[in-house]
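Q: Here it is, the structure, as structure tokens.
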Amino acid sequence: MTNEKINAYSNEEFVEVFGEIFEHSPWIAQKAVAKKPFNTVEEAFEIMRAIVAEASYDQQLTLILEHPELGKRIKMSEASVREQNGAGLDSLSPEEFEDFSATNKAYIAKFEFPFIIAVAGKDKNDILQAMKERLNNSRETEFETALREIYKIARLRFNAILANLASN
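To convert, take the position in the sequence shown, counting from 1, and add 1466; that gives our numbering.
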């Protein structure tokens, strides 16, 4: 996939293709498309990342809140389902589910937003351990950590879209 192909997308096509790399937040792609033409494919992603970084606290919090609780059996975006299933969160034993639920509950009670982690390359034990460790963070540190993890997730999704488009 080249920047020429991305630049050739209409505004609507760009948002349709890249609008969900940030969970349920097509507004980011809608703002980014106004910055076309992109000099590189990388620049297209970096503009979207910068839009989030420069967003207001309330917009960032809304983005964080769009992410599902890990291991929770709720309706999620297709990308979240694939990512969580890949980490084994779809096959938690009853005991593991209880541990995830209790830790999620403690995390949300402390920080008032869901635990966010880029699950690629991690298994359910890695994720649970990270959640327990991050419970020791301050809210400010955890807010920034959540945003960094969102950038990682978005990068993985962006790269997957590019690979898929290049193979078609």
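Cβ coordinates follow ideal geometry from the N, Cα and C atoms, glycine included. Quick caveat, the model's predicted, so the values are computed rather than measured.
Looking at the unbroken alpha helix (DSSP H) that takes in A1620, where does it start and where does it end?
A: From DSSP, the alpha helix (DSSP H) with A1620 extends over 1605-1633.
Q: By the 10 Å Cβ neighbour count, where 16 or more other Cβ atoms means buried, how is R1605 classified, buried or exposed?
A: By the 10 Å Cβ count, R1605 comes out exposed.
Q: Do you know how far the Cα of M1597 is from the Cα of E1561?
A: Approximately 16 Å, taken between the alpha carbons.
Q: For F1480, is the classification buried or exposed, using 16 other Cβ atoms within 10 angstroms of its Cβ as the cut-off for buried?
A: Flag for F1480 reads buried.
Q: Just to confirm, are I1530 and A1612 a CB contact at a threshold of 8 Å?
A: For I1530 and A1612, yes; Cβs fall inside 8 Å.
Q: Compute the Euclidean distance between the alpha carbons of M1542 and P1534, then round it to the nearest angstrom.
A: Residue confidence for M1542 is low, a pLDDT of 44 falling below 50, so the modelled location carries little weight and cannot support an answer.
Q: Assuming F1504 contacts F1624 under a Cβ cut-off of 8 Å, what Cβ separation, rounded to an integer in Å, is found between them?
A: The Cβ separation is near 12 Å, so there is no contact.
Q: To the nearest angstrom, report how far apart I1487 and K1502 are at their CA atoms.
A: C-alpha separation (whole angstroms): 18 Å.
Q: Could you tell me the alpha carbon to alpha carbon distance between A1586 and D1592, rounded to whole angstroms?
A: Roughly 11 Å between the two C-alpha positions.
Q: According to the neighbour-count rule (16 or more other Cβ atoms, all chains shown, within 10 Å of its Cβ), is R1515 buried or exposed?
A: Buried.
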